[in-house]
Amino acid sequence: MRVTKAAGTEVTVPHLAESLVSATIGKWMKKPGDYVEQYEVLCELITEKVNAEMPSPVEGVLKEILAEEGETVEVGGVICIIEEPGSATEATGQAVQHEASSAYRRGFEAADGDSSMRHRYSPAVQHLANEYRLDLTQIAGTGMGGRITRKDVREFIEGRQQRRPPAVDPQQADHQASPGREPADRQSPVRREEPQRRKEPLTTEKVPVRSTGLHLSETPRMPLIEVEPMQDTGRGEYFIDVTPIRNTIATRMRQSVTEIPHAWMMIEVDVTNLVLLRNKLKDEFRKQEGINLTYLAFMLKAVVNAIKDYPILNSVWAVDKIIVKKDINISLAVGTEDSVITPVIKKADRMNIAGLAREVDELSRRARTGKLKLDEVLGGTITVNNTGSFGSILSYPIINYPQAANLSFESIVKRPVVINDMIAVRSMVNICLSLDHRILDGLICGRFLQRLKENLEAFGPDTQLY
Numbered sequence: 001m002r003v004t005k006a007a008g009t010e011v012t013v014p015h016l017a018e019s020l021v022s023a024t025i026g027k028w029m030k031k032p033g034d035y036v037e038q039y040e041v042l043c044e045l046i047t048e049k050v051n052a053e054m055p056s057p058v059e060g061v062l063k064e065i066l067a068e069e070g071e072t073v074e075v076g077g078v079i080c081i082i083e084e085p086g087s088a089t090e091a092t093g094q095a096v097q098h099e100a101s102s103a104y105r106r107g108f109e110a111a112d113g114d115s116s117m118r119h120r121y122s123p124a125v126q127h128l129a130n131e132y133r134l135d136l137t138q139i140a141g142t143g144m145g146g147r148i149t150r151k152d153v154r155e156f157i158e159g160r161q162q163r164r165p166p167a168v169d170p171q172q173a174d175h176q177a178s179p180g181r182e183p184a185d186r187q188s189p190v191r192r193e194e195p196q197r198r199k200e201p202l203t204t205e206k207v208p209v210r211s212t213g214l215h216l217s218e219t220p221r222m223p224l225i226e227v228e229p230m231q232d233t234g235r236g237e238y239f240i241d242v243t244p245i246r247n248t249i250a251t252r253m254r255q256s257v258t259e260i261p262h263a264w265m266m267i268e269v270d271v272t273n274l275v276l277l278r279n280k281l282k283d284e285f286r287k288q289e290g291i292n293l294t295y296l297a298f299m300l301k302a303v304v305n306a307i308k309d310y311p312i313l314n315s316v317w318a319v320d321k322i323i324v325k326k327d328i329n330i331s332l333a334v335g336t337e338d339s340v341i342t343p344v345i346k347k348a349d350r351m352n353i354a355g356l357a358r359e360v361d362e363l364s365r366r367a368r369t370g371k372l373k374l375d376e377v378l379g380g381t382i383t384v385n386n387t388g389s390f391g392s393i394l395s396y397p398i399i400n401y402p403q404a405a406n407l408s409f410e411s412i413v414k415r416p417v418v419i420n421d422m423i424a425v426r427s428m429v430n431i432c433l434s435l436d437h438r439i440l441d442g443l444i445c446g447r448f449l450q451r452l453k454e455n456l457e458a459f460g461p462d463t464q465l466y
């Protein structure tokens with residue numbers, strides 16, 4: 001950081017969360033001399049968990065940038081100086097600065113020349129592109145390395161709407177084109193003959209290869225957005241730049257597997273009654289709440305009740321002590337196109353099944369659109385991973401450091417099961433648990449899984465959602 005400072009209001013790195021001590025400056029959206037409105041984005045802030053946009057706390061002229069792109073600044077550190085309206089120098093040059101800002105925005109990408117991040121799309125950008133059916137290759141990126149930001153997409157959408165001609169009624173247009181002529185359907189009572197439909201060739205109905213699994217019968221989902229083709233190096237390979245979030249995931253996973261002695265357990269659960277219950281309630285719940293009633297909400301409720309009996313699962317490792325939390329804060333693993341984010345359901349022990357379903361829907365949606373706040377991904381003690389949504393029946397999750405355990409809920413599959421010396425077809429699911437052997441042992445985790453199994457198998461027709 002440079003030492004010289006201009007006169008004006010100092011803009012500092014905000015205290016986004018309790019554990020945040022520093023943030024890395026991403027792409028500057030403004031340059032010295034630009035006029036900045038209050039709350040207009042100044043630059044990107046990259047933290048260990050999420051990326052955030054730094055809004056301007058005041059209105060004025062950006063006089064000096066004190067932290068360059070890629071520089072890490074502690075919380076409270078000054079990153080730029082803004083001269084607020086009222087000063088003589090600012091008043092005389094305000095109009096010129098407005099024009100300079102617009103010109104700078106228009107010519108930003110060409111002046112920068114760096115397009116190394118051009119092909120990296122954030123979940124928020126992908127969501128907007130899918131919602132408005134946009135071709136991202138037609139949008140200029142003003143982020144780091146030419147990356148397209150959410151603001152770029154918003155501006156593109158607003159510009160397209162302004163350029164779009166007003167909608168004209170077809171009948172009115174026909175009448176305007178020939179004022180003396182009535183529309184064809186009014187000239188004659190004879191109706192227009194519809195064009196003869198082409199006979200479609202007969203097709204053979206596909207027969208599902210496997211129908212025993214609830215998830216395995218689904219067609220695998222494909223990415224909604226095609227990533228821009230990479231430059232071929234001529235050796236049959238191409239390179240992908242490591243984003244800050246991917247680098248953080250790599251660092252945390254390496255720390256987890258090297259510092260935490262992992263152990264692993266699995267238990268099989270009969271969830272036939274849960275499947276019947278969920279099928280009975282899902283349509284009514286959808287009408288009432290506007291969201292899907294997933295199995296994950298029941299799973300979370302069963303986990304919370306099991307933790308109440310074995311609170312050591314609700315703990316973190318702190319070198320010379322084990323910290324057992326009072327509130328049950330459960331991390332939820334949410335996969336996006338290019339990363340995994342673990343938002344935290346705070347005080348999950350105070351929620352019913354309907355409340356957990358709403359929280360899962362809200363956090364998952366915010367995670368996939370890049371709208372999570374830093375505080376919403378902190379404070380978890382155990383992670384629940386819904387790998388069953390991918391059709392997985394067995395997994396070995398890595399613990400989210402420094403939490404005590406990571407639990408995966410696999411796909412529900414119909415299997416033949418022996419009950420009272422008779423074979424019955426039941427809906428079965430595997431639940432896998434990775435545990436920190438410094439905190440937990442096999443005995444306590446076995447009892448925890450057994451209680452979790454009892455909770456899941458206890459769901460039935462009389463279970464209340466509220």
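The sequence shown begins at 1 in full-length UniProt numbering and counts up by one. Here a beta-carbon is modelled for each residue, glycine too, at the ideal position from N, C-alpha and C. Since the structure is predicted, the reported quantities are computational estimates derived from the model, not experimental observations.
- Go to glutamate 454, then tell me how far its alpha helix (DSSP H) extends in each direction, as first and last residue. Residue 454 sits at position 454 when you count from the first residue of the sequence shown. Element bounds for glutamate 454: 442-457.
- Could you give the residue range of the alpha helix (DSSP H) that holds glycine 236? As a first step, residue 236 must be located in the sequence shown, where it is residue number 236. Membership of glycine 236 in any alpha helix (DSSP H) is not indicated, and neither H nor E is assigned to it by DSSP.
- Task: Give the range of the alpha helix (DSSP H) segment to which glycine 355 is assigned.
- Result: As a first step, residue 355 is located in the sequence shown; it is residue number 355 there, counting from the start. Element bounds for glycine 355: 353-368.
- Message: So, with DSSP's three-state summary, where would you put alanine 88?
- Response: Counted from its first residue, the sequence shown places residue 88 at position 88. With a pLDDT of 49 at alanine 88, under the threshold of 50, the modelled position of this residue cannot be trusted, and the question is left open.
- Task: Have a look at Lys453, Lys27, Val75 and Thr12 and flag the residue whose alpha-carbon is nearest the alpha-carbon of proline 57.
- Result: Translated into the one-based positions of the sequence shown, residue 57 becomes position 57. Residue Thr12 is the option with its Cα nearest to proline 57.
- Query: So what does DSSP say about glutamine 187, is it helix, strand or coil?
  - Reply: Working through the sequence shown from its first residue, we reach residue 187 at position 187. Reliability fails at glutamine 187, whose pLDDT of 45 lies under 50, so the model's placement of it is uncertain and no value is given.
- Query: Hey, would you say isoleucine 412 sits closer than 8 Å to serine 427, going by beta carbons?
  - Reply: Reading the sequence shown from its first residue, position 412 is the one you call residue 412. Reading the sequence shown from its first residue, position 427 is the one you call residue 427. Note that the C-beta distance between isoleucine 412 and serine 427 is below 8 Å.
- Item | From Arg350, Gly86, Leu276 and Trp28, residue whose alpha carbon lies closest to that of glycine 143 | To locate residue 143, count along the sequence shown from 1; it is residue 143. The candidate whose alpha carbon is nearest that of glycine 143 is Trp28.
- Query: So the alpha helix (DSSP H) arginine 286 belongs to, where does it begin and stop?
  - Reply: On the sequence shown, position 286 is the one that residue 286 refers to. Note, arginine 286: alpha helix (DSSP H), 272-289.
- Query: Is phenylalanine 298 closer than 8 Å to isoleucine 353 when the C-beta atoms are compared?
  - Reply: The count along the sequence shown starts at 1 and reaches residue 353 at position 353. The count along the sequence shown starts at 1 and reaches residue 298 at position 298. Isoleucine 353 is a Cβ neighbour of phenylalanine 298, given a cutoff of 8 Å.
- Query: Thinking C-alpha only, which one of Ser22, Thr463 and Val73 is nearest leucine 277?
  - Reply: The residue given as residue 277 occupies position 277 in the sequence shown. Closest option to leucine 277, Cα to Cα, is Thr463.
- Using a threshold of 8 Å, state whether the C-beta atoms of leucine 296 and asparagine 386 are closer than that. The sequence position of residue 296 within the sequence shown is 296, counting from 1. The sequence position of residue 386 within the sequence shown is 386, counting from 1. Yes, Cβ-Cβ distance for leucine 296 and asparagine 386 is below 8 Å.
- Message: Taking its Cβ as the centre, do 16 or more other Cβ atoms sit within 10 Å of arginine 235, making it buried, or is it exposed?
- Response: Numbered from 1 along the sequence shown, position 235 holds the residue referred to as residue 235. Exposed, by the Cβ-count rule.
- Item | glutamate 44 burial status per 10 Å Cβ neighbour count (16 or more: buried) | As a first step, residue 44 is located in the sequence shown; it is residue number 44 there, counting from the start. Glutamate 44 should be labelled buried.
- Task: For the alpha helix (DSSP H) containing methionine 422, list its first residue and its last residue.
- Result: The count along the sequence shown starts at 1 and reaches residue 422 at position 422. Counting along the chain, methionine 422 falls outside any alpha helix (DSSP H), though it belongs to the beta strand (DSSP E) covering 422-436.
- Message: Need the endpoints of the beta strand (DSSP E) that isoleucine 245 sits in, please.
- Response: Residue numbering aside, residue 245 sits at position 245 when the sequence shown is read from its first letter. Counting along the chain, isoleucine 245 falls outside any beta strand (DSSP E), though it belongs to the alpha helix (DSSP H) covering 244-259.
- Which class does arginine 415 belong to by DSSP, given the choice of helix, strand or coil? Within the sequence shown, residue 415 is the residue found at index 415, counting from 1. Looking at arginine 415 - three-state DSSP - the assignment turns out to be strand.
- For valine 334, which beta-bridge partners are listed by DSSP? The sequence position of residue 334 within the sequence shown is 334, counting from 1. Residue pairing by DSSP puts valine 334 in a beta bridge opposite Ile341.
- Message: Quick test of your reading: isoleucine 323 and valine 316, contact by CB under 8 Å. State the CB separation rounded to the nearest angstrom.
- Response: Residue numbering aside, residue 323 sits at position 323 when the sequence shown is read from its first letter. Residue numbering aside, residue 316 sits at position 316 when the sequence shown is read from its first letter. A Cβ-Cβ separation of about 5 Å places isoleucine 323 in contact with valine 316 under the 8 Å criterion.
- Cα-Cα separation, leucine 274 to leucine 281: Within the sequence shown, the letter at position 274 stands for residue 274. Within the sequence shown, the letter at position 281 stands for residue 281. Looking at the two C-alpha atoms, the distance is approximately 11 Å.
- Query: Does the Cβ of methionine 54 have 16 or more other Cβ atoms within 10 Å, making it buried, or fewer, making it exposed?
  - Reply: Looking up residue 54 in the sequence shown gives position 54. Methionine 54 comes out buried.
- Message: Less than 8 Å between the C-beta atoms of methionine 253 and glycine 446, yes or no?
- Response: Start at 1 with the first residue of the sequence shown, and residue 253 comes out as number 253. Start at 1 with the first residue of the sequence shown, and residue 446 comes out as number 446. With respect to the 8 Å criterion, methionine 253 and glycine 446 are not classified as neighbours on the basis of their beta carbons.
- Item | Buried or exposed by the 16-neighbour rule on C-beta atoms within 10 Å, applied to isoleucine 341 | For the purposes of this step, residue 341 is identified with residue 341 of the sequence shown, where counting begins at 1. Buried, by the Cβ-count rule.
- In chain order, what residues of the same chain lie with their CB nearer than 7 Å to the CB of lysine 405, ignoring the 5 residues before and after it? Within the sequence shown, the letter at position 405 stands for residue 405. First, the residue type needs correcting, since residue 405 is alanine and not lysine in the sequence shown. Residues of the same chain with a CB within less than 7 Å of the CB of alanine 405, apart from the 5 flanking positions on each side, are Leu313, Ile382, Ile399, Leu433, Ser434, Leu435, Asp436 and Leu440 in chain order.
- Query: For the putative contact between residue 474 and arginine 438, defined by C-beta atoms under 8 Å, what is the C-beta separation to the nearest angstrom?
  - Reply: Past the edges of the chain, shown from 1 to 466, lies residue 474, and the structure says nothing about it.
- Message: So, under 8 Å CB-CB, leucine 300 and leucine 356 are touching, yes? Tell me the CB distance rounded to an integer number of Å.
- Response: Here residue 300 refers to the residue found at position 300 of the sequence shown. Here residue 356 refers to the residue found at position 356 of the sequence shown. With 8 Å as the limit, leucine 300 and leucine 356 qualify as a contact, their Cβ atoms being about 5 Å apart.
- Closest by C-alpha distance to arginine 286, when choosing among Val41, Leu407, Leu465 and Leu394: The count along the sequence shown starts at 1 and reaches residue 286 at position 286. Distances from the CA of arginine 286 to each of Val41, Leu407, Leu465 and Leu394 were compared; the closest alpha carbon is that of Leu465.
- Item | Boundaries (first-last residue) of the beta strand (DSSP E) holding leucine 407 | Translated into the one-based positions of the sequence shown, residue 407 becomes position 407. 405-409 is the extent of the beta strand (DSSP E) around leucine 407.
- Task: Note down, in chain order, each residue of its chain lying with its Cβ closer than 8 Å to the Cβ of threonine 9, except the 5 sequence neighbours on either side.
- Result: Indexing the sequence shown from 1 puts residue 9 at position 9. Excluding positions up to five away in sequence, the list reads Pro57, Val58, Gly60, Ile81, Ile82, Glu83 and Glu84.
- Item | DSSP beta-bridge partners of alanine 306 | Counted from its first residue, the sequence shown places residue 306 at position 306. Its beta-bridge partners do not exist; DSSP assigns none.
- Query: From the DSSP output, which residues share a beta bridge with proline 55?
  - Reply: In the sequence shown, residue 55 corresponds to position 55, counting from 1. DSSP lists Val41 as the bridge partner or partners of proline 55.
- Test item: CB-CB of alanine 306 and threonine 336 under 8 Å: Here residue 306 refers to the residue found at position 306 of the sequence shown. Here residue 336 refers to the residue found at position 336 of the sequence shown. No, these two residues do not count as a Cβ contact at 8 Å.
- Task: Following the continuous beta strand (DSSP E) through leucine 62, name the residue where it begins and the one where it ends.
- Result: Taking the sequence shown and counting its residues from 1, the one referred to as residue 62 is at position 62. From DSSP, the beta strand (DSSP E) with leucine 62 extends over 60-65.
- In angstroms, rounded to a whole number, what distance separates the CA positions of leucine 136 and asparagine 130? Indexing the sequence shown from 1 puts residue 136 at position 136. Indexing the sequence shown from 1 puts residue 130 at position 130. A straight line joining the alpha-carbon of leucine 136 with that of asparagine 130 spans about 10 Å.
- Query: Is it true that the CB of valine 269 sits closer than 8 Å to the CB of leucine 456?
  - Reply: Here residue 456 refers to the residue found at position 456 when the sequence shown is read from its first residue. Here residue 269 refers to the residue found at position 269 when the sequence shown is read from its first residue. Yes. Within cutoff.
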